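**Q** Sharing a structure with you now.
Below, the structure is given as structure tokens:
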């Protein structure tokens, strides 16, 4: 789906172009006429993008047209960035006041003419491509609409609501009681060790919420000396699962230990202790992998118990030592109760009996899946216009194949303001079960230009971005929300992650041990397996990286280990805006090549304690807005003072809060 990308990129560009032509540096380059022509051409196309977005699902030609437009718009963003970056670089060089021969050559008239000619040629090519694309729009009978250039979030989100209403545990008291009784029952001679209870059900039923609620119950915790919770998700790597269990039990990440050392450490932790372990969202159907882990878990004391949540009956058959607990669909009356709690303000329900009736019809379409009920209920919270409720009830998305959950989630997405759509889709670059921190997510969005100045010029971009976050939380696009006063943390349900990934299509690629592919349209990369990326993807697709804008090395075993490999990787990323090394990399000095990434805005290697030195070339990154370093860093380059836009993403927090936030980030390291 290209619409939300094309329309929001167009909005962003028009806002930027509106001030760009008159700025001093643009006048200095003599590009004001070119910029004005680009703005005029783009405005003509932008007027029909909202209608094109609505029609693309039923018209492949419109979808392909939007794909072509999106690529041109990305190129336009890159050109404007390049002009800004070059101007900033010249300002910095001038400020440093050097009189060397290289600096004089840098400021020579021939050098400036060459740059102006190069940029003018690029803008001309973009205008020509836009003209060609624009000529085709008449074929689609698209309606023109007013262009919203304000990019304002019109509603201030109410964040004082009880998020317990969204937990999906309404109507699950009996399920909870039965599972607690199974866990609290004393072990008998001949019982399997450890006791493994699978909870099975389709996505969106609330298996995880139920399992966590059971584990937190006082009459369950009192039976166990040690409690651990681990999200396994798609890739069942024995090493990763052991790391996560150790992390949950002790707080240690153990990234530098091999499998043998990890196994020994886990045995020491479990030895003689009666534990309760939650293995959440398991997909592995390889019995041998489970038997290897089970042999380690058997080192705990008798009476130790494991809860497994899964959508797969096959997984339950492999892992369970007792019959699986099959979580049923939520009762219709409970679904209605859950929906009304999410949709109505307190005391409002009695005032709008007409909406209550429409709500009942909406809930019937959700097919008793709690996540669908919760999601649509929150979309309508505080809305009293009957037309809005009917638009949800009568949406054509209900006609698509599904079990009630996917149509509901698509309707929720459809109702998002345009600028929030792109922000949501960009979250899919982070791996499943990622622990988001609101301040970091806002910096990520800012790095990609997704947050624009509101009509109130006193609002900082960070403040606008935090309002975006609150709006998405209130609409339940995120879950497990926790306000830590100094920051908010939250996760994304894996079905929401699947939705974002499917809608973004080949904008995003995930490199894992099973998938080494990426397309020429890929703009954002998630690397789950570094070895596969450096030794299979990079050599196989050497020409597909120059357009990549963000890369997250999310390998929970280890990040890029070889500095030479990493330098080759950096050489390919001509337009990188965002680079995150989530885990340990086995080199102490960051490659000098980083200085060539002139578009880079966000650099983070928080969990990499081995990186001690940053290169002098770092000062060339004039667009850098946020630099989040690891504990091992010994010093910054002396030229860091020349960064014009560099910010501390936690500048408004106390030192105590920063330490707490760092602890929170460290806790999400696995």
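In full-length UniProt numbering, the protein residues as written are 1 to 670.
Backbone N, C-alpha and C fix where the C-beta goes; we use that ideal spot for every residue, glycine too.
As the structure is a computational prediction, the values presented were derived from the model and not from experiment.
#1: By Cβ distance, which residues of its chain are closer than 6 Å to residue 5, with the 5 residues on each side in sequence left out?
#2: Answer with buried or exposed for residue 526, where buried requires no fewer than 16 other C-beta atoms within 10 angstroms of its C-beta.
#3: Could you check whether residue 481 and residue 473 sit closer than 9 Å to each other, using their CB atoms as the reference points?
#4: Tell me which same chain residues have a C-beta within less than 8 Å of the C-beta of residue 157, skipping the five on either side of it?
#5: To the nearest angstrom, report how far apart residue 318 and residue 83 are at their CA atoms.
#6: Let me know if residue 619 comes out buried or exposed under the rule of 16 or more other beta-carbons within 10 Å of its beta-carbon.
#7: Under 8 Å: do the segment 187 to 204 and the segment 345 to 354 share three or more Cβ pairs, one atom per stretch?
#8: Skipping 5 residues on each side, what residues in its chain have a beta carbon closer than 6 Å to that of residue 81?
#9: Assuming residue 359 contacts residue 398 under a Cβ cut-off of 8 Å, what Cβ separation, rounded to an integer in Å, is found between them?
#10: Taking the beta strand (DSSP E) that residue 279 belongs to, which residues open and close that run?
#11: May I ask you to report which of helix, strand or coil DSSP gives residue 430?
#12: Taking only three categories from DSSP, how would you classify residue 9?
#13: Where do the ends of the beta strand (DSSP E) carrying residue 199 lie?
#14: Can you tell me where the beta strand (DSSP E) holding residue 491 begins and where it ends?
#15: In the DSSP assignment, find the beta strand (DSSP E) that holds residue 231 and state where it starts and stops.
#16: I'd like to know whether the C-beta atoms of residue 48 and residue 140 end up nearer to each other than 9 Å.
#17: Would you give the residue range spanned by the beta strand (DSSP E) that residue 626 belongs to?
#18: Does residue 611 come out as helix, strand or coil in the three-state DSSP assignment?
#19: Just to confirm my understanding: we take residue 336, look at its own chain, exclude 5 residues before and 5 after, and list those with CB closer than 7 Å. What are they?
#20: If you run the structure through DSSP and keep just helix, strand and coil, what is residue 589?
#21: When you compare the CB positions of residue 477 and residue 416, do they come within less than 9 Å of one another, or not?
#22: Measure the alpha-carbon distance for residue 261 versus residue 579 and round it to whole angstroms.
#23: Closer than 8 Å by C-beta to residue 169: which residues in its own chain qualify, once you throw out the five before and the five after it? Chain order, please.
#24: For residue 201, collect the residues of the same chain with a Cβ closer than 6 Å to its Cβ; drop the 5 residues on either side in sequence, then sort them by chain order.
#25: Flag this pair as yes or no: are the beta carbons of residue 432 and residue 233 separated by less than 9 Å?
#26: Let me confirm a value: residue 60 is counted as buried when at least 16 other C-beta atoms fall within 10 Å, else exposed. Which label applies?
#27: Could you compute how far the alpha carbon of residue 378 sits from the alpha carbon of residue 539?
#28: Near residue 64, which residues of its chain fall below 7 Å by C-beta distance, leaving aside the five closest residues on each side in sequence?
#29: Going by CA-CA distance only, name the one from 332, 537 and 304 that's closest to residue 510.
#30: Only counting the same chain, and skipping five residues up and downstream in sequence, which positions put a Cβ closer than 6 Å to that of residue 649?
#31: Which of the three DSSP states is assigned to residue 67 in this structure?
#32: On the premise that residue 451 lies in contact with residue 464, defined as a C-beta separation below 8 Å, what is that separation, rounded to the nearest angstrom?
#33: What distance in whole Å lies between the Cβ atoms of residue 572 and residue 535, which are believed to be in contact at a cut-off of 8 Å?
#34: Using the rule of at least 16 other Cβ atoms within 10 Å of the residue's Cβ for burial, across every protein chain shown, is residue 407 buried or exposed?
#35: Among 191, 197 and 180, which has the Cα closest to the Cα of residue 313?
#36: Measure the alpha-carbon distance for residue 7 versus residue 315 and round it to whole angstroms.
**A** On the basis of the supplied data:
#1: 70
#2: buried
#3: Going by C-beta atoms, residue 473 is nearer than 9 Å to residue 481.
#4: With a pLDDT of 45 at residue 157, under the threshold of 50, the predicted position of this residue should be treated as unreliable, though the coordinate-derived value follows. Within the same chain, residue 157 has close Cβ partners 467, 470, 471, 473 and 474.
#5: 59 Å
#6: buried
#7: no
#8: Taken in chain order, the residues that qualify are 599.
#9: Not confirmed; about 15 Å, so no contact.
#10: 275 to 282
#11: coil
#12: helix
#13: 195 to 200
#14: 488 to 491
#15: 226 to 233
#16: Yes. Within cutoff.
#17: 626 to 628
#18: coil
#19: 360 and 363
#20: strand
#21: yes
#22: 31 Å
#23: 176, 206, 209, 210 and 213
#24: 207 and 327
#25: yes
#26: exposed
#27: 46 Å
#28: none
#29: Just measuring C-alpha positions, the residue of 332, 537 and 304 sitting nearest residue 510 is 537.
#30: Any answer about residue 649 is weak, because its pLDDT of 47 lies below 50 and its placement is not dependable; what the coordinates show is given next. The answer, listed in chain order, is 439, 443 and 626.
#31: Of the three classes helix, strand and coil, the one that applies to residue 67 here is helix, per DSSP.
#32: 5 Å
#33: Not really, about 15 Å apart at Cβ, beyond 8 Å.
#34: buried
#35: 197
#36: 43 Å
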